[in-house]
Structures are given as structure tokens and as C-alpha cells.
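**Student:** The listed protein sequences derive, respectively, from chains G and P. Letter by letter, the first sequence follows residues 3 to 118 in my numbering. Letter by letter, the second sequence follows residues 3 to 118 in my numbering.
2 protein chains.
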Amino acid sequence: MFNHMVEETEEVDRVFQALSNRTRRGMVRQLAGGECTVGDLARPTRMSFAAASKHVQVLERAGMVNRRVEGRQHICSLRPEPLREASEWLGYYEKFWSESLDRLARVLEEDMEESK
Amino acid sequence: MFNHMVEETEEVDRVFQALSNRTRRGMVRQLAGGECTVGDLARPTRMSFAAASKHVQVLERAGMVNRRVEGRQHICSLRPEPLREASEWLGYYEKFWSESLDRLARVLEEDMEESK
DNA sequence: CGATCGTTCAACCAATCGGTTGACAAATGA
DNA sequence: TCATTTGTCAACCGATTGGTTGAACGATCG
């Protein structure tokens, strides 16, 4: 599936960090169903509006959410690209769980060769 | 590829949280090449031994690393299962970036139906 | 106009993070 | 036996997290 190494950027840091919170993963789930306002995202949680707003900002800074202001509402939508990158990072290790260990070791050695 | 929803457990929290740090991702990368001691993992970083030890513990608590004590060395190996789970979580959204948006919405609606 | 809605912001709080240092312990090597 | 290696643990530090409350602000409704 994915075979190349994903760069270790701060964006990758922020994406995994954003995903490390269950509330935010719930928001991603909700956003995958379509655009929502910040209020829509706050409602299913039991947090204050302000807290939900902060979570949205975390997702935004990770590049996973786009916001568009319409009247008094802020409408959020999912930007899948960072999710895809995180998935690629993990995909690099797919060989680890789908092939035998010594086979993986060989694959990694080849990568070392390439990077010389 | 992956189609089912991954449960939102604390383990998922811990795995993403563990992956949100670049040093730890480096350790995962190194461990994918084969077993190493804690010292081996500390060496490429410029941190103290104690710091590296803490990172290994984070990976352990996330279920991503196994440890076996041999003499004075602690030998670590990668446990791919949690990586796989994280990958599945992300895989659920693969449809998001590989299909059109309205098509995804329909898929999600089907999921809603199923869960009734 | 004034009230209310949707939202952010600033300040604060306790808990966690990522690192340090220093003390300690067990295994190994001289 | 004594020194060294390989690690852990506890204490501490400043920065970040995830939440709260209260004030503010622009849009909308009556």
C-alpha cells in the first residue's frame, strides 16, 4: 500500500497529538458526516462552548479542519490530507504486521541502502 | 481496506499520544529494524538515559513495546498490534480522501442505520 | 432599539509532559 | 574487590493540556 517514509515534521506531531484526544476524534467522526458549526460539535459533548472551540482550534492547527464564517456561525469541514499523511506514516509499518519479522528487517535494510 | 469502526478506547488515546512525539516515533522506526536495548534507543537522541527510559515506558504503556530483561540490559521489541489499530482508525476515513464527499456521506448514513 | 444567539478571548486551575539531575541497584569486567 | 555499565526511580522544573468562568463582540430577531 504505502511504501515510502513519511517525513517527520511538526505537522505529523500535531496530527497525532490532535488525534490523541477522544473528544477530538469524535469531532472528526462527526465532521466526516458533513460540515458542522462549532455549536454542532459542542452539543454532543458535555463541555462548555469555549472548550469545544479550543478543540476545534487544535484540529485547525493540525490542518485537519477548515473554518468558514457565515453570519454568526463558524462552519467547519474536514481536511483529509493530514489524516492521509498520518495513515501513510503508519502504513510504513504495515509490513511489520503483515509480513514476517526477518522479511521486514530486509526491507528496512534496503531503505538504508537507498538513503546512502 | 478497513471498513469497520474502531472502538474509542483509552488504548487508542495512548497510542496516538505516544506517536505524537518525534523522539518516540524515531524509536518506533528503530525498533522496526529489530530489537534494541534501552541504551540503543537513547544513543541516537541527545537525551539522558532517564529521559529515553521514560519514552520507552510511554511506548510500553501504549502496548507498542515489549521488554525483556537479560542481564543488565533491557531488550525492547515492537508490538505491532496497536499500530495496526491506529491504522484501522485512520483507515475508516480512507473513504474520505479516496471517494467523493457525498458518496462518503452516504456510507456514513448506512453506518448510522446499522447501529440502530 | 434591546435581547439573545453563536462564538472567541483572557484568566485561571490542576494535571500531564518532556526534560534534567542525583541517588541507587544489579550485572559485568578488571 | 573495586570500577564500570545499564538501567530505574524520585524530585524537581518550565511548558502544555484540557477544562472552567466571565466578559466581550458581531449577527440576528422582536
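Every residue gets a Cβ at the ideal spot worked out from N, C-alpha and C, and that includes glycine.
(1) What separation, rounded to the nearest whole angstrom, lies between the Cα atoms of P/R81 and P/F51?
(2) Residues bridged to G/R69 by DSSP?
(3) Can you tell me whether DSSP reads P/T47 as helix, strand or coil?
(4) To the nearest angstrom, how far is it from the Cα of G/D15 to the Cα of P/E72?
(5) G/P46: buried (16+ other C-beta within 10 angstroms of its C-beta) or exposed?
(6) Does chain P have any CB closer than 9 angstroms to the CB of G/L92?
(7) Which of the three DSSP states is assigned to P/T11 in this structure?
(8) If you compare alpha carbons, which of G/T11, G/G35 and G/T39 is closest to G/R74?
(9) Less than 9 angstroms between the beta carbons of G/V58 and G/R48, yes or no?
(10) Between which two residues does the alpha helix (DSSP H) holding G/S100 run?
(11) Relative to chain P, which residues along the segment 23 to 37 of chain G have a C-beta separation below 8 angstroms, given in chain order?
**Tutor:** In brief:
(1) Along the second sequence, read from residue 1 onward, the residue named residue 81 of chain P stands at position 79. Along the second sequence, read from residue 1 onward, the residue named residue 51 of chain P stands at position 49. So the two alpha carbons sit approximately 22 angstroms from each other.
(2) For the purposes of this step, residue 69 of chain G is identified with residue 67 of the first sequence, where counting begins at 1. In DSSP, G/R69 forms a bridge with G/C78.
(3) In the second sequence, the residue the question calls residue 47 of chain P occupies position 45. Coil.
(4) Stepping through the first sequence from its first residue, residue 15 of chain G is reached at position 13. Stepping through the second sequence from its first residue, residue 72 of chain P is reached at position 70. Answer to the nearest angstrom: the Cα atoms are 33 angstroms apart.
(5) As a first step, residue 46 of chain G must be located in the first sequence, where it is residue number 44. G/P46 is exposed by the Cβ-count criterion.
(6) Residue 92 of chain G sits at position 90 when you count from the first residue of the first sequence. Nearest CB-CB separation between G/L92 and chain P: below the 9 angstroms threshold.
(7) Mapped onto the second sequence, residue 11 of chain P falls at position 9. P/T11 falls in the coil class under three-state DSSP.
(8) Position 72 of the first sequence, counted from the first residue, corresponds to residue 74 of chain G. Of G/T11, G/G35 and G/T39, the residue nearest in Cα terms is G/T39.
(9) Against the first sequence, residue 58 of chain G aligns to sequence position 56. Against the first sequence, residue 48 of chain G aligns to sequence position 46. No, the Cβ-Cβ distance between G/V58 and G/R48 is not below 9 angstroms.
(10) Locating residue 100 of chain G in the first sequence gives position 98, where the first residue counts as 1. Under the DSSP assignment, G/S100 falls in the alpha helix (DSSP H) whose first and last residues are E96 to S100.
(11) Within the segment 23 to 37 of chain G, the residues whose Cβ lies closer than 8 angstroms to some Cβ of chain P are N23, R24, R27, G28, V30, A34, G35 and G36, listed in chain order.
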